[in-house]
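So the structure is just underneath, and the comments pick up after that.
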Amino acid sequence: MGYSLEKDIGKGKFLESGTFNVGGYDWSIKYYPNGHSTAENDYASVFIYLKSDEAQNVKAQPSFAILNQNGDLLLKQLTAGVNNFDKKNDGFGFPNFQRRSAFESHIKDDCFVIRCIVTVFKVFPVQVEPAVPLPVPAADKQQLSYLLEAGYGADVTFEVKGQTFNAHKCILAMRSQVFRAQFFGPLKEKSDAIIKIEDMDAPVFEPLLRFIYSETIPEFEEENGSEKKHNTEFAQHLLAAADRYDLERLKKICENILYGSIEKNNVIPLWSLAERHNCTHLKTACLKYIIYIAPPEILSEVIYEA
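Counting in the numbering used here, the sequence shown runs from 15 upward without gaps.
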């Protein structure tokens, strides 16, 4: 542009780019040499607008930079947050884009370039697959459950936050490779003393132990006024415990509970949990919720953490 001819067009006056297409949508840039309003003294402003007539709630993130004629970056690139664009809004960008005195000294031949990079987060009509029901294997669960309750022949004791649990090494080893290595592997426990578990609560260890013996599915529901809802905090702790002791079926049950409990307030912790414990279906469901349903600031937080 002929900068010297355009820089004094007045406060609130703009130059608009031609329409360009990114992600299947039409966009344009408005550049305000003297600022968008009286609040932007000595600053130029820049905004991007969605031009497609029928488009609504398009999630996009714009970045702006000033380049010279050779394409060299004159000043630091600025990136806005992820926003929902439609033709009704006033666009998004930077009222205080750059102080004019900061880049005017770099201009050559009365020209410069505003580069805009637009990242469009596409929304695909993908349906989250329902959780797969898990069949309970045939076993004499009642007798094993009684054996746990009565403690007959127990040969190992766990102490969890002051509470003790008697169990049978052979049953634990049969169901968990972790216990098998602990009791009978090359690095088996050398002492017959009580095994202390410091980093787990008793209300989590007890249902885990009961599941090992009898495949009894823990009670995940809790009262919430007149309704019942899943205790997702308990399910998260139990999932982590199941993963620790390689109890894949219990881990899947917890994953299915959390899969159906995703909401705005827990989607980021659940996504992080799924990432740590390799829960593919839960992670996929969380990401789809973040991209398709959650407010833009949640997507921005995930991008920042990543």
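Ideal Cβ positions, reconstructed from N, Cα and C, are used throughout, including at glycine. Being a predicted model, the structure only gives us computed values, none of them experimental.
To which residues does DSSP link ASP40 through a beta bridge?
ASN35
Would you mind reading off the limits of the alpha helix (DSSP H) that contains LEU253?
246–258
Tell me whether LYS265 is buried or exposed, calling it buried when 16 or more other Cβ atoms sit within 10 Å of its Cβ.
buried
What residues are listed by DSSP as bridge partners for TYR45?
LEU29 and VAL60
Proximal residues to ALA308 (C-beta, below 7 angstroms), its chain only, five neighbours per side dropped
Contacts found: LYS278 and VAL281.
Quick one: residues in its chain with C-beta nearer than 7 angstroms to the C-beta of ALA216, no 5 flanking neighbours on either side, listed in chain order?
Spatial neighbours of ALA216 in its own chain (CB-CB distance under 7 angstroms, excluding positions within 5 residues in sequence) are listed in chain order as VAL174, LYS175 and GLN177.
By Cβ distance below 6 angstroms, which residues in the same chain neighbour GLY107 in space, the five residues on each side in sequence not counted?
VAL60, PHE61 and ILE62
Rounded straight-line distance, which links the Cα of ASN48 to that of TYR5
Outside the displayed range of the chain (15 to 320) lies residue 5, so it cannot be described from this structure.
Could you give the DSSP three-state label for CYS293: helix, strand or coil?
coil
Residues near LEU287 by beta carbon distance below 8 angstroms, same chain, minus five either side:
GLN250, LEU253, ALA254, LEU272, CYS293 and LEU296
According to DSSP, is GLN191 part of a helix, a strand, or is it coil?
helix
Counting only runs of 4+ residues fully inside the stretch 88–146, write out the alpha helix (DSSP H) ranges in chain order.
Correct list: 114–118.
Is there a C-beta anywhere in chain B that falls below 9 angstroms from the one on ALA187?
Looking for chain B here will not work: only one protein chain is present.
Opening and closing residue of the beta strand (DSSP E) in which LYS73 lies:
72–81
Could you spell out the range, first to last residue, of the beta strand (DSSP E) harbouring ALA181?
177–181
Taking all protein chains shown into account, do 16 or more other C-beta atoms lie within 10 angstroms of the C-beta of ARG189, making it buried, or fewer, making it exposed?
buried
Cα separation between LYS136 and ASN180?
The straight-line gap separating the alpha-carbon atoms of LYS136 and ASN180 is approximately 54 angstroms.
Looking only at its own chain, which residues have a Cβ that is under 6 angstroms from the Cβ of ALA74, when we skip the five neighbours before and after it?
PHE99, VAL132 and VAL134.
Hey, out of ALA168, PRO310, GLU30 and THR298, whose CA is closest to LYS44's CA?
GLU30
Reducing DSSP to helix, strand and coil, say where GLU269 ends up.
helix
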